[in-house]
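Encoded as structure tokens, the structure appears first; notes follow it.
In UniProt numbering, the protein residues as written are 1 to 245.
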């Protein structure tokens with residue numbers, strides 16, 4: 001019975017990172033470190049695990065801002081092969097990130113694999129329609145995050161009835177656009193994407209709005225029918241397209 005229990009204990013504690021003795025063990029480095037973005041501003045690092053996971057029980061990810069020496073380091077369990085920082089990351093800024101395989105019990109580190117890059121600009125904020133007519137939408141937005149690498153804004157609009165898409169490029173200091181040539185009483189989706197040099201962009205911010213009715217009423221008049229209460233009368237527009245009230 002005691003021999004059986006001892007065998008069970010050996011199986012439980014001899015997994016990756018828990019070898020009987022890792023003293024002096026040379027850890028294999030990670031492979032294929034790549035940078036990606038999940039549709040927004042924050043970057044995502046992904047890598048492949050070492051083929052030899054003996055004695056490895058964590059990954060260490062350290063990032064440094066260009067011009068600074070302070071490293072920001074985080075330990076990640078071996079069940080994860082990606083990392084995305086969510087604090088202290090600045091737009092349009094150069095960073096170097098290093099990833100190592102480690103053993104926290106024996107203080108072992110593999111050779112690190114590093115990647116250097118510049119973060120993307122962040123998306124526009126407070127996108128809204130400031131005014132509209134039957135054939136136009138006047139939109140505006142803010143550059144709240146002060147993206148220093150912004151070169152232009154890509155403005156697109158889509159007729160949601162026909163799926164027709166059009167676009168215009170705005171300069172970096174023009175935080176508005178008058179979208180014209182639209183169809184009356186129609187839903188449009190409009191989007192703004194911050195563009196930067198190096199082929200970078202922020203990802204779109206979008207909204208939906210409807211253009212006004214084509215034609216106004218005519219001959220609005222005020223009447224009194226012999227008493228205190230007044231009566232308003234008018235003539236209908238000649239084109240009643242989209243009008244149901």
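Here a beta-carbon is modelled for each residue, glycine too, at the ideal position from N, C-alpha and C. These numbers come from a predicted model, not from an experiment.
Just how far apart, CA to CA, sit residue i and residue j?
{"i": "residue 148", "j": "residue 98", "result": "25 Å"}
{"i": "residue 45", "j": "residue 152", "result": "27 Å"}
{"i": "residue 128", "j": "residue 140", "result": "6 Å"}
{"i": "residue 165", "j": "residue 35", "result": "31 Å"}
{"i": "residue 55", "j": "residue 28", "result": "10 Å"}
{"i": "residue 47", "j": "residue 186", "result": "47 Å"}
{"i": "residue 163", "j": "residue 155", "result": "16 Å"}
{"i": "residue 123", "j": "residue 57", "result": "37 Å"}
{"i": "residue 217", "j": "residue 178", "result": "25 Å"}
{"i": "residue 25", "j": "residue 88", "result": "35 Å"}
{"i": "residue 180", "j": "residue 171", "result": "18 Å"}
{"i": "residue 176", "j": "residue 126", "result": "11 Å"}
{"i": "residue 167", "j": "residue 157", "result": "6 Å"}
{"i": "residue 65", "j": "residue 245", "result": "60 Å"}
{"i": "residue 49", "j": "residue 116", "result": "20 Å"}
{"i": "residue 200", "j": "residue 237", "result": "49 Å"}
{"i": "residue 51", "j": "residue 30", "result": "9 Å"}
{"i": "residue 32", "j": "residue 102", "result": "17 Å"}
Are the CB atoms of residue j and residue i within a distance shorter than 8 Å?
{"i": "residue 235", "j": "residue 209", "result": "no"}
{"i": "residue 118", "j": "residue 93", "result": "yes"}
{"i": "residue 145", "j": "residue 205", "result": "no"}
{"i": "residue 131", "j": "residue 142", "result": "no"}
{"i": "residue 96", "j": "residue 82", "result": "no"}
{"i": "residue 207", "j": "residue 224", "result": "no"}
{"i": "residue 63", "j": "residue 72", "result": "yes"}
{"i": "residue 53", "j": "residue 78", "result": "yes"}
Using the beta-carbon count (16 or more within 10 Å), is residue i buried or exposed?
{"i": "residue 70", "result": "exposed"}
{"i": "residue 173", "result": "exposed"}
{"i": "residue 195", "result": "buried"}
{"i": "residue 188", "result": "buried"}
{"i": "residue 169", "result": "exposed"}
{"i": "residue 233", "result": "exposed"}
{"i": "residue 104", "result": "exposed"}
{"i": "residue 150", "result": "buried"}
Suppose the cutoff is 6 Å on Cβ atoms and the five residues either side in sequence are ignored; what does the same chain contact list for residue i look like?
{"i": "residue 100", "result": "60, 109, 110 and 112"}
{"i": "residue 106", "result": "22"}
{"i": "residue 133", "result": "212"}
CB-CB under 8 Å to residue i, same chain, minus the five flanking residues each way: which ones, in chain order?
{"i": "residue 183", "result": "135, 159, 161 and 211"}
{"i": "residue 231", "result": "222, 223, 224 and 225"}
{"i": "residue 80", "result": "59"}
{"i": "residue 84", "result": "38, 42, 43, 44 and 45"}
Could one say the Cβ of residue i lies closer than 8 Å to chain B's Cβ atoms, at least one of them?
{"i": "residue 93", "result": "The structure shown contains no chain B; it holds only a single protein chain."}
By Cβ distance below 7 Å, which residues in the same chain neighbour residue i in space, the five residues on each side in sequence not counted?
{"i": "residue 202", "result": "41, 120, 121, 122, 123, 193 and 194"}
{"i": "residue 228", "result": "none"}
{"i": "residue 246", "result": "In this structure the chain extends from 1 to 245, so residue 246 is not present and cannot be described."}
{"i": "residue 67", "result": "none"}
Fill in: Contiguous beta strand (DSSP E) assignments of at least 3 residues, all confined to the region 24-60
31-37 and 43-48
Worksheet entry | Complete runs of the beta strand (DSSP E) confined to the region 91-119 [at least 3 residues] | Qualifying beta strand (DSSP E) stretches, in chain order: 94-103 and 113-118.
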